[in-house]
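The next block holds one structure in the form of C-alpha cells; read it before the comments.
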Ligand SMILES: Nc1ncnc2c1ncn2[C@@H]1O[C@H](COP(=O)(O)OP(=O)(O)O)[C@@H](O)[C@H]1O
Ligand SMILES: [Mg+2]
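Residue numbers (our numbering): 16 to 167.
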C-alpha cells in the first residue's frame, strides 16, 4: 500500500446540488476514474445520453491537459469538482502545475499537426460557459465549465 491515499473522493448534497470532489494522481490511467464519477452522478439525476457523452469528452480533454501539460513528470495531482443540480452541471478541474496563457491562439504554424491543440476548442464547443484561470510562470490552473441540462 502507498503511504497516502492515491485517490480521494468526497460527496455531499446541499440545497439540491450534489457535489462530488475527486483528487487523482496526474497520471493517464486515472482519467477513466474522472469519467466514472460523472457516470455515477448521471445515475442519480439522469443526464441525456448525448450530453453525457459530450461532457465526458470535455472532461477527458481538461483532465488530460492537467496531466500532460501541467506537470513535468507526472508527480502532481488533479482535482475535479462536479456540482450537479436539476438544471445544470458545473465541472471544475484544478491542478497545481505549470500555468499557461489561456488566451494564446492555437499555435498550428511551426508545430506538428499531430500535436492537436484542439482540446480547449472541444471543451468550448461542449460547454455553455467556460472559464480558464491560469498564468504562465504562476503555478496552478483552474478550468470551470458549465453545462445547462435538460434532464433525460
Ligand atoms: N492545465 C494546463 N497546464 C498547463 N498548460 C496547459 C494546461 N491546459 C492547457 N495547457 C496549454 O494549452 C495548450 C492547448 O491545449 P489544448 O487545446 O488541449 O491542446 P493540446 O493539449 O492538444 O496541446 C497546451 O498545448 C498547453 O500548452
Ligand atoms: Mg489538450
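For each residue, glycine too, the CB sits at the ideal point set by N, CA and C. Please read all numbers here as calculations on a predicted model, not as lab measurements.
ask   = Using the beta-carbon count (16 or more within 10 Å), is residue 202 buried or exposed?
value = Since the first residue shown for the chain is 16 and the last is 167, residue 202 is missing from the structure and cannot be characterised.
task = May I ask which residues mark the beginning and end of the beta strand (DSSP E) holding residue 155?
result = Counting from one through the chain shown, the residue named residue 155 turns up at place 140. Here the beta strand (DSSP E) through residue 155 covers 154-163.
inquiry  = Give me the residue from 141, 27 and 43 with the minimum Cα distance to residue 86.
reply    = Residue mapping note: residue 86 aligns to position 71 of the chain shown, counting from 1. It is 43 whose Cα lies nearest to the Cα of residue 86.
key: Unbroken beta strand (DSSP E) run spanning residue 39, endpoints   = As a working mapping, residue 39 is identified with position 24 in the chain shown. From DSSP, the beta strand (DSSP E) with residue 39 extends over 32-40.
Nearest-angstrom Cα separation, counted from residue 35 out to residue 60 = Indexing the chain shown from 1 puts residue 60 at position 45. Indexing the chain shown from 1 puts residue 35 at position 20. One C-alpha to the other measures close to 13 Å.
message = Based on DSSP bridge pairs, tell me the residues matched to residue 29.
response = Reading the chain shown from its first residue, position 14 is the one you call residue 29. Paired residue(s): 32.
request  = Taking only the alpha-carbon atoms, compute the straight-line gap between residue 129 and residue 30 and give it to the nearest angstrom.
outcome  = Mapped onto the chain shown, residue 129 falls at position 114. Mapped onto the chain shown, residue 30 falls at position 15. Summary for residue 129: the model assigns pLDDT 46, below 50, so the residue's position carries little reliability; its value from the coordinates is reported in the next sentence. Their backbone Cα atoms lie some 45 Å apart in a straight line.
inquiry  = According to DSSP, is residue 89 part of a helix, a strand, or is it coil?
reply    = Along the chain shown, one-based indexing puts residue 89 at 74. Residue 89: coil per DSSP, three-state reduction.
query = Is residue 153 buried or exposed, if buried means 16 or more other CB atoms sit within 10 Å of its CB?
reply = Within the chain shown, residue 153 is the residue found at index 138, counting from 1. That one is exposed.
Beta-carbon proximity of residue 92 to residue 21, cut-off 7 Å = Numbered from 1 along the chain shown, position 77 holds the residue referred to as residue 92. Numbered from 1 along the chain shown, position 6 holds the residue referred to as residue 21. Cβ distance not < 7 Å, so residue 92 and residue 21 don't count as in contact.
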